[in-house]
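J.: Residue numbers (the working numbering): 297 to 744. Note that the Cβ used here is the ideal one computed from N, Cα and C, for glycine as well. Since the structure is predicted, the reported quantities are computational estimates derived from the model, not experimental observations.
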Amino acid sequence: MNTKRGQFSSRFGFILAATGSAVGLGNIWGFPTQTTENGGAAFVFVYAILAFLLAYPALMAELTLGRYSGQNIVTTFQDLARTRIGRIFGGAAGYYGVLVACLILSFYTIVAGWMLAYFCSSFLTLFGMNEAAAWFVEDGILRNLVFSSLFAILTMTIIARGVENGIEKWSIRLMPSLILLFVVLIIYVLTQDGAIEGLKQYLLPNPKQLGNPDLIISAMGQAFFSLSLGVGTMLIYGSYLSKREDLPSVGAAVTLVDLGVAFLAGLLIIPAIFVAQNSGIQVYSDSGELVAGPGLILQVLPALFASTGVLGAVVSILFFALMSIASLTSSISMLEVAVSVTVEKTQRSRLKLTFIIGALILGVSWLIVLNFERLFGFVINLTTVYSQPLLGVVMCIFVGWVMYRHKLLQELKLGNEEVEKTMFWKVWPVYVRFICPALILLVVYNSF
Ligand code: PHE
């Protein structure tokens with residue numbers, strides 16, 4: 297028996313959904329935070345290079361594998377392998393990818409819960425209920441438990457309804473409004489005192505820092521996290537993509553939008569840090585370090601919104617609403633990984649599996665909330681910094697070494713008859729076979 301698989305209704309729908317998955321907390325919370333933690337512009341510079349050098353080729357590997365097989369990550373690896381050992385390895389790597397997707401979702405749910413809480417708080421502020429509003433923005437265990445649960449329920453509800461009804465619809469409205477809001481806010485920030493200093497920090501790299509192994513591995517992890525790579529998200533989205541689409545250009549579009557939104561987020565937040573400092577808000581801790589860390593954007597942005605006076609509450613509502621939606625279009629793509637695997641492997645009801653898996657992941661989120669200091673950073677490091685790039689290597693190996701070259705060409709030709717003559721075909725197959733995996737492994741090795 298074959299479960300009927302959903303498909304995106306158009307190329308545009310796919311690009312929206314895939315960018316919807318890519319654009320999220322990784323861009324707007326992760327990227328600026330990492331930039332401040334890793335010395336500013338040098339990080340931005342290295343990040344942009346690695347996005348094209350490592351993340352885009354790996355994204356192409358994952359999308360191609362998914363569309364070729366039309367299956368989830370586990371079955372794709374298992375079916376492609378030609379030996380028994382290969383099947384076992386493929387299955388194990390596939391399940392590991394699913395596990396990583398779930399673990400990412402478990403910390404993601406917490407941060408997305410913060411966005412929801414700030415959204416509620418700005419709403420209450422607008423109606424003058426300042427005391428209640430304060431509770432929502434104060435970091436506390438109860439608040440975090442409540443809002444991570446709320447966010448998890450939202451994610452499960454969308455996924456239970458399936459790809460055609462769920463994913464596209466949410467993505468379609470989001471991106472343009474988000475970008476517009478960023479542009480308006482950036483213009484506002486850049487007219488404030490102190491912004492220029494921030495701009496310098498963001499755009500002028502210190503050459504001495506470019507080779508720092510810690511910076512390089514952070515930038516690589518961030519690039520893989522931001523493009524949703526290695527865990528089977530892009531693979532499953534590729535499997536829903538029509539055969540007529542030209543994969544290399546679709547992949548390039550997703551990469552560029554993702555990079556663009558991260559860049560805009562940094563362009564808003566880094567100068568905003570310096571503007572805040574200029575107006576007397578403490579952005580350096582007593583020991584003289586920049587207050588980066590997970591709370592950075594939640595310290596800097598509300599201060600910025602407040603400085604716009606009466607407009608502040610409205611801007612704040614809008615911003616945190618868009619952030620919550622952006623987080624949802626990413627979280628659903630993580631949950632879809634585990635749901636698609638279990639639905640296709642067990643043939644059980646999608647609805648039931650969605651809520652069982654969702655509840656298990658929420659359990660892990662609670663565990664992290666209750667042991668925040670110990671677990672939060674650890675889970676992020678384990679999943680995004682190490683697991684995602686290493687799983688990217690597995691994708692490259694399957695495309696470069698396991699899949700037959702003529703099959704690869706055939707798959708790409710479906711969307712573009714002329715692909716053989718393109719630069720992409722001349723470089724990429726060899727590149728994912730040798731260079732891309734070697735570079736990823738080198739970065740990981742170098743970080744130890
Ligand atoms: N790319 C998403 C973001 O930037 C996070 C994500 C990671 C989504 C892995 C799916 C899979 O927010």
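Consult DSSP for P509 and reduce its assignment to one of helix, strand or coil.
T.: helix
J.: Are the CB atoms of L564 and F478 within a distance shorter than 8 Å?
T.: yes
J.: Report, in whole angstroms, the separation of the C-beta atoms of L288 and T372, which I expect to be a contact under 8 Å.
T.: Past the edges of the chain, shown from 297 to 744, lies residue 288, and the structure says nothing about it.
J.: Helix, strand or coil, according to DSSP, for G591 in the structure here?
T.: coil
J.: Just to confirm, are A599 and I324 a CB contact at a threshold of 8 Å?
T.: A599 is not a Cβ neighbour of I324, given a cutoff of 8 Å.
J.: Going by alpha carbons, who is nearest to L499 out of A314, G335, F744, T718?
T.: G335
J.: Count the other CB atoms within 10 Å of the CB of E707; is the residue buried (16 or more) or exposed (fewer)?
T.: buried
J.: So what's K539 in DSSP terms, helix, strand or just coil?
T.: Note: K539 maps to coil in three-state DSSP.
J.: Should I569 and G494 be called a contact, given that it needs their Cβ atoms to be closer than 8 Å?
T.: yes
J.: If you run the structure through DSSP and keep just helix, strand and coil, what is Q518?
T.: For Q518, the secondary structure class from DSSP, reduced to helix, strand or coil, is helix.
J.: From the DSSP output, in three-state form, read off D489 for me.
T.: Coil, per DSSP.
J.: Cβ of P733 within 8 Å of Cβ of V689?
T.: yes
J.: Classify N368: buried if its beta carbon has 16 or more other beta carbons within 10 angstroms, exposed otherwise.
T.: buried
J.: Take the Cβ of W697 as the centre, count every other Cβ of all protein chains shown within 10 Å, and call the residue buried at 16 or more, exposed below.
T.: exposed
J.: Rounded to the nearest angstrom, how far is the Cβ of V340 from that of Q684, given a contact under 8 Å?
T.: With 8 Å as the limit, V340 and Q684 do not qualify as a contact, their Cβ atoms being about 20 Å apart.
J.: Note down, one range per segment and in chain order, each alpha helix (DSSP H) of at least 4 residues found wholly within the stretch 413–445.
T.: If we require 4 residues or more, the alpha helix (DSSP H) runs fully inside the stretch 413–445 come out as 426–433.
J.: Under a Cβ-count criterion, where at least 16 other Cβ atoms within 10 Å of its own Cβ denotes burial, should L438 be classed as buried or exposed?
T.: exposed
J.: Does DSSP put A457 in a helix, a strand or coil?
T.: One point to set straight first is that residue 457 is Arg, not Ala, in the sequence displayed. It is coil, neither helix nor strand.
J.: Grouping DSSP H, G and I as helix and E and B as strand, with all else coil, what is I657?
T.: helix
J.: Do you know how far the Cα of E427 is from the Cα of E541?
T.: 53 Å
J.: Between V660 and V695, is the Cβ-Cβ spacing less than 8 Å?
T.: no
J.: Could you name the residues of the same chain whose beta carbon sits closer than 6 Å to that of Y539, not counting the 5 residues immediately before and after it, in chain order?
T.: Checking the displayed sequence, the identity of residue 539 turns out to be Lys instead of Tyr. Hits under 6 Å: L710.
J.: Determine the contact status of I455 and T642, defining contact as a CB-CB distance below 8 Å.
T.: no
J.: Does the count of Cβ pairs from the stretch 418–435 and the stretch 597–614 closer than 8 Å reach three?
T.: yes
J.: To test your reading of the DSSP string, which unbroken alpha helix (DSSP H) runs of 4 or more residues are found completely within the stretch 628–656?
T.: none
J.: For Q578, count neighbouring Cβ atoms within 10 angstroms of its own Cβ and tell me buried if that reaches 16, exposed if not.
T.: exposed
J.: By how many angstroms is the C-alpha of G517 removed from the C-alpha of N298?
T.: Bear in mind that a pLDDT of 35 at N298, under 50, signals an unreliable position, so the model cannot answer this.
J.: Please go through the stretch 348–406 and give each complete alpha helix (DSSP H) segment of 4 or more residues, from N-terminal end onward.
T.: 352–365, 369–376
J.: If we call anything under 8 Å between Cβ atoms a contact, is G417 one with V433?
T.: The question names Gly, yet the displayed sequence has Ser at residue 417. Their beta carbons are under 8 Å apart, which means S417 touches V433 by this criterion.
J.: Taking the alpha helix (DSSP H) that E707 belongs to, which residues open and close that run?
T.: 701–711
J.: For D375, does the count of other Cβ atoms within 10 angstroms reach 16, so buried, or fall short, so exposed?
T.: exposed
J.: Here's the rule I'm using: 16 or more other beta-carbon atoms within 10 Å means buried, otherwise exposed. How should G328 be labelled?
T.: Inspection of the sequence shows that residue 328 is occupied by Pro rather than by Gly. Answer is buried; the Cβ neighbour count reaches 16.
J.: So is the beta-carbon of G362 under 7 Å away from any non-hydrogen atom of the ligand COA?
T.: By its list of ligands, the structure shown excludes the ligand COA, since it contains just the ligand PHE.
J.: Grab the span of the alpha helix (DSSP H) containing N742 for me, first residue to last.
T.: 732–742
J.: Check whether the Cβ of T332 lies closer than 7 Å to any heavy atom of the ligand PHE, and answer yes or no.
T.: no
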